[in-house]
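This note's numbering puts the first residue of the sequence shown at 0, with every later residue one more than the last.
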Amino acid sequence: MEHSAPFLAETLRKTQYLPRDRLVEYQRSLLEPLVRHARTHVPFYRESGRLEPLFRESGAIDWDRWREIPLLTRAEVQSAGERLRSEALPEAHGPSSPYMTSGSTAEPVRIWQSRWFNPTVRAVVTTRNLERQGIDPMQRLAMLYSFTPADFDIRGVRRLASGSDQFSEPGLVGERFDVADTRSADELIAEIIAIHPRLVRAQPITLELMCAHDRDRRLSNLGIAAVLAVGEHFPVEVKEEVAAHFNCWIIDMYGSVECGRMANSCPDCGRFHTESETVLVEICGEDGAQTRVGECGWVVATPLYNYAMPLIRYDHADRAIVGPSDQCPITLQTLEAVLGKERTVFEFPGGVVIRATVPASAVVRYLGARAFQVAQVAEDRCEFRIVPGHLVPSQMRFDEMTGLLRSIWWRGLRVDYKIVAELPRKSPRGKVPTVVREVALDDRSSRTLRIRSGLG
Numbered sequence: 000m001e002h003s004a005p006f007l008a009e010t011l012r013k014t015q016y017l018p019r020d021r022l023v024e025y026q027r028s029l030l031e032p033l034v035r036h037a038r039t040h041v042p043f044y045r046e047s048g049r050l051e052p053l054f055r056e057s058g059a060i061d062w063d064r065w066r067e068i069p070l071l072t073r074a075e076v077q078s079a080g081e082r083l084r085s086e087a088l089p090e091a092h093g094p095s096s097p098y099m100t101s102g103s104t105a106e107p108v109r110i111w112q113s114r115w116f117n118p119t120v121r122a123v124v125t126t127r128n129l130e131r132q133g134i135d136p137m138q139r140l141a142m143l144y145s146f147t148p149a150d151f152d153i154r155g156v157r158r159l160a161s162g163s164d165q166f167s168e169p170g171l172v173g174e175r176f177d178v179a180d181t182r183s184a185d186e187l188i189a190e191i192i193a194i195h196p197r198l199v200r201a202q203p204i205t206l207e208l209m210c211a212h213d214r215d216r217r218l219s220n221l222g223i224a225a226v227l228a229v230g231e232h233f234p235v236e237v238k239e240e241v242a243a244h245f246n247c248w249i250i251d252m253y254g255s256v257e258c259g260r261m262a263n264s265c266p267d268c269g270r271f272h273t274e275s276e277t278v279l280v281e282i283c284g285e286d287g288a289q290t291r292v293g294e295c296g297w298v299v300a301t302p303l304y305n306y307a308m309p310l311i312r313y314d315h316a317d318r319a320i321v322g323p324s325d326q327c328p329i330t331l332q333t334l335e336a337v338l339g340k341e342r343t344v345f346e347f348p349g350g351v352v353i354r355a356t357v358p359a360s361a362v363v364r365y366l367g368a369r370a371f372q373v374a375q376v377a378e379d380r381c382e383f384r385i386v387p388g389h390l391v392p393s394q395m396r397f398d399e400m401t402g403l404l405r406s407i408w409w410r411g412l413r414v415d416y417k418i419v420a421e422l423p424r425k426s427p428r429g430k431v432p433t434v435v436r437e438v439a440l441d442d443r444s445s446r447t448l449r450i451r452s453g454l455g
C-alpha cells in the first residue's frame, strides 16, 4: 500500500462508505501484515507465543480464532517495556519516537510510534473528521491543554505559525494558540476572546467551567465554528448546553496516546463512528464475547499502522455502548456512547476552580513512579500517592514536583507525599484516575457547575 498522506486521505474518503463485509476485508488486509510483523520482529510477541492461535500449520491466518489472542493490559505494556518495541521497521514508516501517555490514568506508559502513524495517519483521520462536519482545518485554533512551564510561560499564550509540526493534533494545520487549561475559567474566557479563534479544542470539564463563568455570554458572539471536545466523557445534556452557549457544533473526539484517534461524533446520526480503517475497535463483555447493539462493554483496540510498538488487542479499560449499524450513510462501526474518564475538578481558596491535570512525564522524571495518584484532601492541601518505580524515595525530587504543581494549579498549595504498595481500584479492570477529589466542593462552586451555561 502506498504510504503517503494524500493517498491515504483519498482512500479513507471512500472506505467510510464500504459495505460491512468489504470493510472487514479491508481491515484484515491491514491487520495481517501487522500481526506477521509483530510475530517476527517484536520480542514480546515472538517469545510469548500469544499470537500463535491465529496461525494454521500452513502459515495462513485463521480469523475465527482472533478472540483467542489474550488481551494486552496496560500493566503488561509497562512491564514489557522495550520488549514490545519492534527490532525492525518498514522503511516507508519512517523513524520512531517515544511518547508518554497523557497522565489521565495513574499508570503512565511509554509508547513508541512511527512517523507514519504519528503524525501522518493521525493527521489524515482528524482532517477527514473535520471534512464530514464541513469544517476547514486551516482556521485559527485555540488549544486548551495541560501545558506546563517547560512548554512555555503558561501565564500567557504561545502562538504557533501555520504548518507547525509540533501540533498534538497535526490535522489542524492552521494558526494555533496554546493556552494552559489549568488557568482559572475567567482567564481562559479572556484569552479566548483575545485570540478570537474559529476552532477551540478542550476537555469537556474545561468547557463546562468556562460556560459557567461566562455569565454575559461573551463566548456566544465570537463566531466560533466548532468546539473539539477530547479526553473524557461528555454527558449529552451538558454537551447540548455547551453547544448552545458557544453557538456552534461540538465535535466529540475519542482517542488516546497509545491508539490514536479511535472514534469521532457524526453530524448525520449524532453517534460515534470508529476509525475502522486505522484502528480495529472491539467492544467486549466481561466474558470476552462481542457485545450487541445497546449493550455496554470494554474497549479493546488494535492500531493498524503502528509497527514500531504493535498493541494487539490492547485493553483500553474504557467502556462504550454499541450503536446500530444501519442508520447512517457512513458504514463505519457505530458507538452509541463512550464512557471514558471521570470528570474531576479541584477548588482552592479564593474561588479558584480548575481541571486538575498532572503531566506524567514530570512525575516519571522527578519521582520515578510506576503509578501515582493525587488527591485533594483539604481546601489547600493534596496527598500525592506514589508506587515506586526506578527511583527510591531518597532519590525522589519532591520539592521540584511540588513547585511544578504550584505553578500550574495554585501557588499556596501544600503537598504531602505518601509511598504506597498499590493504588486502590474500583474494579479489577477499571482505570485508576490520576486525580481524585476527597473533599467536597463548597456550595457556591457546586451551584456554579450546576448552572453551567446559565440555563440551569
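Positions of the beta carbon are idealized from the N, C-alpha and C atoms, including for glycine.
For clarity, every value in this text was computed on a predicted model and none was experimentally measured.
Cβ atoms of residue j and residue i: under 8 Å apart, would you say?
i, j, result
"Q15", "I353", "no"
"V431", "A355", "no"
"E239", "L11", "no"
"G296", "R260", "no"
"L198", "Q138", "yes"
"V178", "E274", "no"
"V156", "E190", "yes"
"L334", "A262", "yes"
"V278", "A307", "no"
"S126", "I110", "Contrary to the premise, residue 126 reads as Thr rather than Ser in this sequence. Contact: no."
"D314", "L71", "yes"
"A201", "A184", "no"
"E437", "V376", "yes"
"L403", "L366", "no"
"L331", "C258", "no"
"V298", "V321", "no"
"R64", "L53", "yes"
What residue from the options has the CA that sits closest to residue i's CA?
i, options, result
"G93", "P32, H40, S3", "S3"
"L422", "G80, H232, S47, P387", "P387"
"Y253", "E231, F176, V351, F146", "E231"
"L303", "S28, Q372, P18", "S28"
"E130", "C265, W62, F271", "C265"
"L33", "S47, S78, P89, E378", "P89"
"C381", "M395, T401, V229", "T401"
"V256", "S360, I282, D213", "S360"
"G133", "I250, W65, R405, Y365", "I250"
"E294", "I153, P323, A316", "P323"
"D180", "W409, V438, A439, R424", "W409"
"F233", "A224, C247, D215, T205", "T205"
"R182", "G58, F345, K13, A74", "F345"
"F397", "I418, F347, D379", "I418"
"R19", "D267, C327, L310, G349", "C327"
"F271", "A149, G287, V235, A288", "V235"
"D379", "D325, T433, A439, S393", "A439"
"D61", "L22, S85, R35", "R35"
"L143", "G287, R216, A228", "A228"
Here's a check: name, in chain order, each residue in its chain whose Cβ is nearer than 6 Å to the Cβ of residue i, leaving out the five neighbours to either side.
i, result
"L218", "F245"
"A8", "V123"
"F383", "V373, V414, Y416"
"L187", "M209"
"A141", "F176, I191, I194, P196, V199"
"N128", "N263"
"F347", "W409"
"F166", "Residue placement at F166 is flagged as unreliable, the pLDDT there being 42, under the threshold of 50; the coordinate-derived value follows with that caveat. Nothing meets the Cβ criterion."
"G349", "none"
"A336", "I320"
"D164", "In this predicted model, D164 has a pLDDT of only 47, less than 50, meaning its place in the structure is not dependable; the value taken from the coordinates is given anyway. Around D164: no qualifying Cβ."
Give every residue of the same chain whose Cβ lies closer than 7 Å to the Cβ of residue i, excluding the five residues on either side of it in the sequence, and list them in chain order.
i, result
"F6", "none"
"N305", "Q112, S113, F116"
"L83", "V41, F43, V76, M308"
"R38", "Y44, R45, L50"
"V435", "T343, Q372, A374"
"R158", "F176"
"T119", "A4"
"G173", "P136, M137, Q138, R139, L140, S161"
Quick one: what's got a C-beta closer than 8 Å to residue i's C-beta in the same chain, skipping five residues either side?
i, result
"V362", "G102, P107, A368, F371, M400"
"T147", "I153, A179, P358, A361, L403, S406, I407"
"I68", "R49, L50, P52, L53, I311, R312"
"A420", "V386"
"W248", "Q132, I134, A224, A225, V226, A242, P266"
"F151", "R157, D177"
"M395", "Y365, L366, G367, I385, Y416"
Tell me, to the nearest whole angstrom, how far the beta carbon of residue i is from that of residue j; I am working on the premise that it is less than 8 Å.
i, j, result
"A316", "R121", "Going by Cβ atoms, the distance from A316 to R121 rounds to 21 Å, so no, they are not a contact pair."
_3 or more residues per run - each beta strand (DSSP E) lying fully within the region 212-262_ = 225-229, 248-255
*beta strand (DSSP E) segments (min. 3 residues) lying fully within the region 365-417*: 368-377, 380-387
*Can you give, in chain order, each stretch of the beta strand (DSSP E) that sits fully within the region 268-355 and has at least 3 residues?*
271-273, 278-283, 295-302, 313-321, 333-338, 344-347, 351-354
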